[in-house]
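K.L.:
For what it's worth, the working numbering labels the leading residue of the sequence shown as 510, then goes sequentially. Think of the CB as a built atom: it goes at the ideal place given N, C-alpha and C, for glycine as much as any other residue. Predicted, not measured: the structure shown is a model, and the values here were computed from it. Could you have a look at this structure, given as structure tokens, before my questions?
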Amino acid sequence: MPPKRGGDNCQLFILRGIMFFRSKKRKKVTLPLILALTVLFCSIFGWGASLAMNHQSLTAGTKSVDKAVGNFVIGKDLYLENCSTCHIPIPPAVLPSETWQTILENPGNHYGVRIDGIVRFTQVLMWQYLQQYSRQLLKDEPRPKFIAQSRYFFALHPDIKFTTPVTHNTCIECHNRAIEFDYSVTNE
510 MPPKRGGDNC
520 QLFILRGIMF
530 FRSKKRKKVT
540 LPLILALTVL
550 FCSIFGWGAS
560 LAMNHQSLTA
570 GTKSVDKAVG
580 NFVIGKDLYL
590 ENCSTCHIPI
600 PPAVLPSETW
610 QTILENPGNH
620 YGVRIDGIVR
630 FTQVLMWQYL
640 QQYSRQLLKD
650 EPRPKFIAQS
660 RYFFALHPDI
670 KFTTPVTHNT
680 CIECHNRAIE
690 FDYSVTNE
């Protein structure tokens, strides 16, 4: 009897595999297995991709307390263009929507300063942005006129002991890039 060659065993294994995949029994067993493996692979891949995207968004260093998306980007850009030329741009979440509405409705008296050149269309786009990213007051809650009167400001700054009176000009003490609408804390 001649000695067996290693290739014969390999060929036999391949032939058995082919015959198994052509059999009806294989269809009953492998189709659910293939579907299960496909679902598992897609789930793992999707989970990994979402982790990677979430990590990128966390490490990208957002430049604002809020990140405007969609149609609100134009309103944010107009807000920054019109407001940050005179003072630090205040994040919408610091003041309630009603205060922002009062500010935008009367550019002729912006805390004692007359603001010229803002057309109604610009006001509307800025309002849409500010309304989307600010909060409503509670029923019968007094409308704060200044940041120091806003409970939202203090909710965003829990356990912070302020050494100077809170104004829009004192943000820079802790947020050294506030002029760029970056409100990350200096020691972060």
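Are the beta-carbon atoms of residue 638 and residue 585 separated by less than 8 angstroms?
P.N.:
Result yes, Cβ atoms of residue 638 and residue 585 sit closer than 8 angstroms.
K.L.:
For residue 578, write down the residues that DSSP places opposite it in a beta bridge.
P.N.:
BP columns for residue 578 are empty, so no partner.
K.L.:
Three-state secondary structure (DSSP) at residue 623?
P.N.:
Coil at residue 623, not helix or strand.
K.L.:
DSSP three-state call for residue 652: helix, strand or coil?
P.N.:
Residue 652: coil per DSSP, three-state reduction.
K.L.:
Give the DSSP-derived three-state secondary structure of residue 601 in the structure shown.
P.N.:
Of the three classes helix, strand and coil, the one that applies to residue 601 here is helix, per DSSP.
K.L.:
Spatial neighbours of residue 689 within its chain, please: C-beta separation below 6 angstroms, excluding the five flanking residues on both sides.
P.N.:
Excluding positions up to five away in sequence, the list is empty.
K.L.:
Where does residue 629 fall in DSSP's three states?
P.N.:
If DSSP states are grouped into helix, strand and coil, residue 629 belongs with the helices.
K.L.:
Here's the rule I'm using: 16 or more other beta-carbon atoms within 10 Å means buried, otherwise exposed. How should residue 608 be labelled?
P.N.:
The residue is buried, with at least 16 neighbouring Cβ atoms inside 10 Å.
K.L.:
Rounded to a whole number of angstroms, what is the C-alpha to C-alpha distance between residue 617 and residue 558?
P.N.:
Rounded to whole angstroms, residue 617 to residue 558 spans 50 angstroms at the Cα level.
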